[in-house]
Structures are given as C-alpha cells and as structure tokens.
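2 protein chains.
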Amino acid sequence: MTDEQLDTEEQIFEAASRVFQRKGYAGARMQEIADEADINKSMLHYYYRSKDKLFTQVYQREMARFFPVIFGVMDSDDPLGQKIEQLVDAYYSFLNDNPKMAQFIITEMNQNPQRLRDFIKGQGIHPPQIFFKQINKAKQEGRIADVAPEQLMVSIVGLTLFPFIGRTMIKAIFDFDEQQFIQFLQDRKTFLVDFILNAINYKPS
Amino acid sequence: MTDEQLDTEEQIFEAASRVFQRKGYAGARMQEIADEADINKSMLHYYYRSKDKLFTQVYQREMARFFPVIFGVMDSDDPLGQKIEQLVDAYYSFLNDNPKMAQFIITEMNQNPQRLRDFIKGQGIHPPQIFFKQINKAKQEGRIADVAPEQLMVSIVGLTLFPFIGRTMIKAIFDFDEQQFIQFLQDRKTFLVDFILNAINYKPS
DNA sequence: GTCTATATAACGATAGAC
DNA sequence: GTCTATCGTTATATAGAC
C-alpha cells in the first residue's frame, strides 16, 4: 500500500474491532460492522466465514496488545520507585488510546473463562518474576512494607484500570463533563504514584 | 405466602435477574429466563410485556441495591480509620453474596450512560458529603496526606471492586483454583485496610 | 393464569450474477 | 472480489384455546 489506504480485509477487521469493543460479542451486528467499514455485508463472510471466527481473531489481537502493556514494564530492570511511575504512565497512555479496551477484555473474558485460560497458556504468560523478586528483596531489606506481590500487582492494575472501566459511573456521580473527567484522569497519574508508594511505605535505597 | 414459595411474577423476576447478570442484556434469551424460572415463556410477556421492560425493572432494582452499599458507610459518623475498614468489609460482604453484580452494572452502565444519569438524578445520589468533609478536615489537621477526596473515593471503590470484576484474569494469571482465589480475597481484606491507610499517611487523632 | 401454536422481525449465512 | 437477492434459523412477541 502506497499510502494510508487499508485493503478490504483490514478495513473489515478494524471496523469489527471497534464495534465488538463498543457492543460486545452478543450486542454486535454483522450489518453494523459492515456499515462501519463502509463495505457490503457479504464481504464479511467472504473474508472471515462467520461472526464467531471474526470475533475470535479480534479477541486474539486485542489480548495480544493488552497483555504486553500490563506485563511489559513490570519485568524491566528499573528500581521499584521509578517502575511504579512507569507502570502508571504506560497503562494510562495505552488506555487513553484504547479507552474501550479494558471494558471489552473484562466482559468477554468473564463470558468465556476457558478461552482466556487457553490464551494465557498459549502465549506462555506468567506472573512477572522480576517484579515479584524485586518486591521480596525490598521487603527483606526493609525498604517497603510486608506486602504480598500478588496483592500489590492486582492493586496497581485495579487502581489504573478502574477509572476507564467505571468512567460512566464516575462522570455521573461527580457530575463531570468530558473536560473535567479528562482533568480527573490527568490528576490521577501523579496522585496514584504517591498513593502507591506511600501504601507500601517505600523508601528509596 | 406461608413459606418459601414465590409467586410466578417474583419467580420470573429473580430468574431474569440471574440470567441478565450472567449474560448481559444482549446475550440473555427470554427462553433461558423462562427455563431458569421453570415457567412457560409466554408468562414472561404476560407479566412484563417485553424483554426491554423486564430488563429495565431488573436494572433498577440491582442499582437500588448497589448504590446504598457504595455510599452507605461513607456518610456514617465513625472516625476515618474505622470507616475505611468498614467500607472494605461492607463491599466485600455484598460482593461475596452478589459476585456478578459489579460486572453487570459496569457493562450495562457503559452501554447506556443516559439511563445511569437518569437513575442517579432520580434517586438524588450525590458524592458523600460527610466523608468528603472528614477527609478535608483530616488534611487540615495534618492527620492524612493532601489527597483529593474524589481520587481517594475512586481508589477505595476500585481496589475493592476490581478483584470481583477481574476474577477470571486473576485466576488465570496466578493459576489459582477456586479455593486459592477465595483465600486471595480473604487475605485482601486486611491487606487493603493497611494499604489504604498507609497510602493516605493516616495518623489516628 | 397458563398453555400451544404461530405471527413477525432480525440476524447470520449462502447462492449466484457480474 | 463485489454486489443483490434470498435462505434458514432464531428471537421476541402475540393469539387464542382452556
């Protein structure tokens, strides 16, 4: 391709990705995907055979984009304090570009746990060993409080993902317009770094 | 009713509540609700006219059960440290009894933000004033760090809700069986109280 | 109120012309 | 590869007997 033009197959795939993330598998309609791609509905079946096969491919790709973000920074060699800041930064940057991703993954994951287990196994995804060792070492040296690495990891992910998942609720309860919500998210980045480092009683080495 | 027997209308409603929470609005089938209620499918329409009207009633009731839990303890008169422990306790106890509730509310909320806004407005739900004043007072007296009440509230809710929403992911990544996950949740209660109190640098008055 | 049977519409999927 | 037309199924919803 010489310029920005996607071919038909890619155009369908990107449209499907957007519609599935908006409506979920059950709520998505092949016609809506066709309209979004500005392509005839029968082309969807020509390239992807069925709704199920199209969804599976979208699901696999979105998962393959999501997990490296979650696990990527965790196993870097940077010191703990710096790493927490990088984690929050990386998650926010990714979710800002993909605001419906977290909701999509959580919904479809809970709808079909086996598919998630297969994906995790197939990709050889494991808890971040370097991060966990780093936590345990810092605990022994008394530089952080006595926290279970799994609990800390779930907390960091939860604290950053939740505003994107709960966006509608947060806006409604605090009566935020879009601009105020964006500001809330922006403020939250610095808030979270302090919050987490305090929470584990972090002292730089 | 003399004993535990529910009449037909209630039986349908409870079955609908379970199916909608399992499958979401789009994924739920009237036939599945009828089967779950062990009642003829046409009875659903006799009592509730349409799938949409049945869902609306279920949605309203589940919301009306959820929000008092989220806001209830926040506006009690108990001191901050005690209150955080009570919040975590209350959320966990409710979510343990209603494990699909958080996922259901978040999905259907994001699917129809206007319906949520109408509900919030109709019920006169506002940010918890007593809790927010308590935070601001503690800040002025130097008993906690300088945190925005909205950020703290979102953090507390996120930290407690997330394991229930992300249950499938947590079990898959850490390779927890059901027993281990229940233990993880149990451990998390005490973990979270310390984590949050540390995070805001809490000092009892 | 409860059942069977059926209308009606939507949706996924395919056939066949070009 | 792309289109129109249409098939077959499933879903919501209703009619009508009892």
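Each protein sequence line maps, in turn, to chains A and B. Our numbering numbers the first residue of the first sequence as 1 and each following residue consecutively. Our numbering numbers the first residue of the second sequence as 1001 and each following residue consecutively. Using N, Cα and C, we set each Cβ at its ideal position, and we do this for glycine too. Computed from a predicted model, the values in this text were never measured in an experiment.
Kindly list, in the order they appear in chain B, the residues whose Cβ is closer than 7 Å to that of residue i.
| i | result |
| --- | --- |
| Thr56/A | Chain B residues near Thr56/A: none, gap ~17 Å exceeds 7 Å. |
| Ile120/A | Ala1172, Ile1173 |
| Met43/A | The contacting residues do not exist; Met43/A stays about 24 Å from chain B at best. |
Following the continuous alpha helix (DSSP H) through residue i, name the residue where it begins and the one where it ends.
| i | result |
| --- | --- |
| Val1157/B | 1149-1165 |
| Leu116/A | 113-122 |
| Ala1138/B | 1129-1140 |
| Phe191/A | 178-199 |
| Ile1084/B | 1080-1097 |
| Met74/A | Neither: Met74/A is in no alpha helix (DSSP H) and is coded neither H nor E. |
| Ile1033/B | 1030-1037 |
What did DSSP end up calling residue i once you bin it into helix, strand or coil?
| i | result |
| --- | --- |
| Ser1207/B | The shown model of chain B, from 1001 to 1205, leaves out residue 1207/B, and the question about it has no answer. |
| Ser17/A | helix |
| Asp1068/B | The amino acid occupying residue 1068/B in the given sequence is Pro; Asp does not appear at that position. Helix, per DSSP. |
| Asp1003/B | No answer about Asp1003/B holds up, because its pLDDT of 46 lies below 50 and its placement is not dependable. |
| Lys203/A | coil |
| Asn1110/B | helix |
| Lys1041/B | helix |
| Ala145/A | coil |
| Ile170/A | helix |
| Lys100/A | coil |
| Ile1125/B | coil |
| Ile1012/B | helix |
Determine the chain A residues that contact residue i at a beta-carbon separation under 7 Å, and present them in chain order.
| i | result |
| --- | --- |
| Asn1155/B | One point to set straight first is that residue 1155/B is Ser, not Asn, in the sequence displayed. Ordered by position in chain A, the residues that pass the 7 Å Cβ test against Ser1155/B are Leu159, Phe195. |
| Met1074/B | Simply none; closest approach about 12 Å. |
For residue i, return the contacting residues in chain B, with the cut-off set at a CB-CB distance below 9 Å.
| i | result |
| --- | --- |
| Gln103/A | Ile1106, Thr1107, Asn1110 |
| Gly24/A | Gly1024, Ala1026, Gly1027, Thr1107, Gln1111 |
Who are the neighbours of residue i on chain A, taking C-beta pairs under 9 Å?
| i | result |
| --- | --- |
| Gln1151/B | Phe184, Asp187, Arg188, Phe191, Leu192, Phe195 |
| Leu1006/B | Going along chain A, no residue has its Cβ under 9 Å from Leu1006/B, so there is no contact; the nearest lies around 28 Å. |
| Phe1162/B | Val154, Ser155, Val157, Gly158, Leu159, Leu161, Phe162, Ile165 |
| Ala1199/B | Asp194, Phe195, Ile196, Leu197, Asn198, Ala199, Ile200 |
| Met1030/B | Result: empty, since nearest Cβ-Cβ is about 14 Å, beyond 9 Å. |
Under 8 Å between beta-carbons, which chain B residues line up against residue i? List them in chain order, please.
| i | result |
| --- | --- |
| Val147/A | Phe1191, Phe1195 |
| Ile125/A | Ile1173 |
| Met63/A | By Cβ distance, chain B contributes nothing, its closest Cβ being about 10 Å from Met63/A, past 8 Å. |
Listing by chain order, which chain A residues have their CB less than 8 Å from the CB of residue i?
| i | result |
| --- | --- |
| Arg1117/B | Ala172 |
| Ala1090/B | Residues of chain A passing the Cβ test: none, with the nearest at roughly 17 Å. |
Next on the checklist: So, does the segment 137-154 of chain A touch the segment 105-124 of chain A, judging by three or more C-beta pairs under 8 Å?
Outcome noted: Counting Cβ pairs under 8 Å, fewer than three are found: no touch.
Checklist entry - If you pair each beta-carbon of the segment 64-76 of chain A with each one of the segment 124-131 of chain A, do three or more pairs fall below 8 Å? => result Enough Cβ pairs lie closer than 8 Å, so yes.
Item to check | Segment contact, 8 Å Cβ cut-off, at least three pairs: the segment 81-93 of chain A with the segment 41-57 of chain A | outcome: Segments in contact, no.
Checklist entry - Hey, is the segment 17-29 of chain A in contact with the segment 94-113 of chain A, meaning 3+ C-beta pairs nearer than 8 Å? => result With the cut-off at 8 Å, the segment 17-29 of chain A and the segment 94-113 of chain A touch.
Next on the checklist: Assess contact between the segment 1181-1193 of chain B and the segment 167-174 of chain A, defined as three or more Cβ pairs (one per stretch) separated by less than 8 Å. Is contact present?
Outcome noted: As far as the Cβ criterion goes, the segment 1181-1193 of chain B does not touch the segment 167-174 of chain A, which means the pair count is below three.
Checklist entry - Contact between the segment 1072-1086 of chain B and the segment 1197-1205 of chain B: three or more CB pairs below 8 Å? => result Under the Cβ criterion (8 Å, minimum of three pairs), the segment 1072-1086 of chain B counts as touching the segment 1197-1205 of chain B.
Checklist entry - Counting pairs of Cβ atoms below 8 Å between the segment 50-65 of chain A and the segment 128-139 of chain A, do you hit three or more? => result No, they do not touch.
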